[in-house]
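Student: Numbered per full-length UniProt numbering, the sequence shown spans residues 1 to 267.
Glycine residues also receive a C-beta, built at the ideal position from the N, C-alpha and C atoms.
What follows is a single structure, and I will ask about it in a moment.
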Amino acid sequence: LTIKNERVFYSALLSVGSNNQELNLIVDTGSSDAWIPSIDANIRASLSLSNPCTSYGSFDHTQSTSFNFNLSAPMFYLAYLDGTTVRGFWGTDTVKFGSSSVSDFSFAVANLTSSDMGVLGIGLADLESTSISARPYTYENFPIRLKATGQIQTNAYSLYLNDVTAKEGVLLFGAVDHAKYIGTLQSVPVVRLADSYMSKPRRLLIVMHGILFAADDEESIRIDKPVVALLDSGSTFSYLPLDIILALANNLKATWNKDMSLFNVEC
Numbered sequence: 001l002t003i004k005n006e007r008v009f010y011s012a013l014l015s016v017g018s019n020n021q022e023l024n025l026i027v028d029t030g031s032s033d034a035w036i037p038s039i040d041a042n043i044r045a046s047l048s049l050s051n052p053c054t055s056y057g058s059f060d061h062t063q064s065t066s067f068n069f070n071l072s073a074p075m076f077y078l079a080y081l082d083g084t085t086v087r088g089f090w091g092t093d094t095v096k097f098g099s100s101s102v103s104d105f106s107f108a109v110a111n112l113t114s115s116d117m118g119v120l121g122i123g124l125a126d127l128e129s130t131s132i133s134a135r136p137y138t139y140e141n142f143p144i145r146l147k148a149t150g151q152i153q154t155n156a157y158s159l160y161l162n163d164v165t166a167k168e169g170v171l172l173f174g175a176v177d178h179a180k181y182i183g184t185l186q187s188v189p190v191v192r193l194a195d196s197y198m199s200k201p202r203r204l205l206i207v208m209h210g211i212l213f214a215a216d217d218e219e220s221i222r223i224d225k226p227v228v229a230l231l232d233s234g235s236t237f238s239y240l241p242l243d244i245i246l247a248l249a250n251n252l253k254a255t256w257n258k259d260m261s262l263f264n265v266e267c
């Protein structure tokens, strides 16, 4: 699946329904639900610079003969860490990308949202919004559904973002492209927080043991401090403990910009 570098997020083009309605969705490893804006959605996106129904696409479920309401599911509601909120209803339909087709895929249709773009959440099933509802349950989200329908052999994926200036990358489901990296592929355990009531991980959390900055003509900067970090393709920034930020700023000779509330680094 080709993903497009939108500078502050990565998007994927999918076709939904019997009439192949095209939508660009944010690829998000930090959430697990897929949702798309309805054609008649009330969209309160403060940063929207264009018509949300045409810029990224919207979905008219009445025009898809293969769409089915999920009447047994609770109302869809999701709140992201950046303040984005979404409300809508659940249904199933056929989703296509490239030469692949996924039937009876569960997703939400948003009729009230503060974002003008839908999300393809590909995180772990226990993070699905239905798992914290009044009657909690999990369902087959996108990677799980791909495996269930025989599209892939294992519930896994690899995300290749290419160079920072590249216009496109690749989201490969069920496999790893060994031509996309140099050296030996390393595996690290996915962990859960110590105070979590869950018996297994809900998020793609790993232990980051430190940070190493290395340049060809400068001395390397190494900060050793274990911290739990979330692998989140839908997030623009890295969020680190204050002492690590201050150590980085000091080593990089950064100056504090009071007006922007940011550190400036000469490059």
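Excluding the 5 residues flanking H209 on each side, which residues of the same chain have their C-beta closer than 6 angstroms to its C-beta?
Tutor: So the list reads P226, once near-sequence residues are dropped.
Student: Could you check the C-alpha separation between L1 and D93 for me, to the nearest Å?
Tutor: If I take the Cα positions, the gap works out to 19 angstroms.
Student: Please list the segments of the beta strand (DSSP E) lying wholly inside the stretch 127 to 193, counting only runs of 3 or more residues, in order along the chain.
Tutor: Runs of the beta strand (DSSP E) inside the stretch 127 to 193: 157 to 160 and 168 to 173.
Student: Can you tell me where the beta strand (DSSP E) holding N250 begins and where it ends?
Tutor: Taken as a continuous stretch (DSSP letters only), N250 belongs to no beta strand (DSSP E), being part of the alpha helix (DSSP H) at L242 to N251.
Student: Where does L47 sit, in a helix, a strand or coil, going by DSSP?
Tutor: Caution applies to L47, whose pLDDT of 49 falls short of 50 and renders its modelled position unreliable; the model cannot decide the point.
Student: Among residues of its own chain, excluding the 5 on either side of V191, which ones have a beta-carbon nearer than 7 angstroms to its beta-carbon?
Tutor: The residues are P201, L205, I206, V207 and V228.
Student: Buried or exposed for S72, going by 16 or more other Cβ atoms inside 10 Å?
Tutor: Burial call: exposed.
Student: Just to confirm my understanding: we take V102, look at its own chain, exclude 5 residues before and 5 after, and list those with CB closer than 8 angstroms. What are they?
Tutor: Within the same chain, V102 has close Cβ partners T94, V95, K96, F142, R145, L146, T149 and Q151.
Student: Would you call the CB atoms of G57 and E22 closer than 8 angstroms?
Tutor: Yes, they are a contact pair.
Student: Using C-beta distances below 6 angstroms, list every residue in its chain close to S50, excluding the 5 sequence neighbours before and after it, in chain order.
Tutor: Confidence at S50 is low in this model, with a pLDDT of 48, below 50, so the placement of that residue should be treated as unreliable; the coordinate-derived value is given next. Closer than 6 angstroms at Cβ, skipping near neighbours: no residue.
Student: Does the beta-carbon of H61 have 16 or more other beta-carbons within 10 angstroms, so that it is buried, or is it exposed?
Tutor: H61 comes out buried.
Student: Between which two residues does the beta strand (DSSP E) harbouring F105 extend?
Tutor: Run containing F105: S100 to T113, per the beta strand (DSSP E) assignment.
Student: Does DSSP put T62 in a helix, a strand or coil?
Tutor: Helix, per DSSP.
Student: Report the three-state DSSP secondary structure of S38 (helix, strand or coil).
Tutor: Three-state DSSP puts S38 in a strand.
Student: For the 8 angstroms Cβ check, are there 3 or more pairs between the stretch 175 to 186 and the stretch 15 to 31?
Tutor: At 8 angstroms Cβ cutoff, the stretches do not touch.
Student: Restricting to Cα atoms, I'd like to know which of F76, A41 and L193 is closest to S32.
Tutor: Cα-wise, what sits closest to S32 is F76.
Student: Quick one: what's got a C-beta closer than 6 angstroms to A108's C-beta in the same chain, skipping five residues either side?
Tutor: Result list for A108: W35, F76, G88 and W90, in chain order.
Student: Classify F69 as buried or exposed, calling it buried when 16 or more other Cβ atoms lie within 10 Å of its own Cβ.
Tutor: Label assigned to F69: exposed.
Student: Would you kindly report the start and end of the unbroken beta strand (DSSP E) that includes S15?
Tutor: Note, S15: beta strand (DSSP E), Y10 to V16.
Student: From the DSSP output, in three-state form, read off A125 for me.
Tutor: Helix.
Student: For chain B, find out if any of its Cβ atoms is closer than 8 angstroms to the Cβ of T92; answer yes or no.
Tutor: Chain labels in this structure do not include chain B; a single protein chain is all it has.
Student: Which residue wins for smallest C-alpha separation from G17, given the options T165, S38, T130 and L161?
Tutor: Per the Cα distances, S38.
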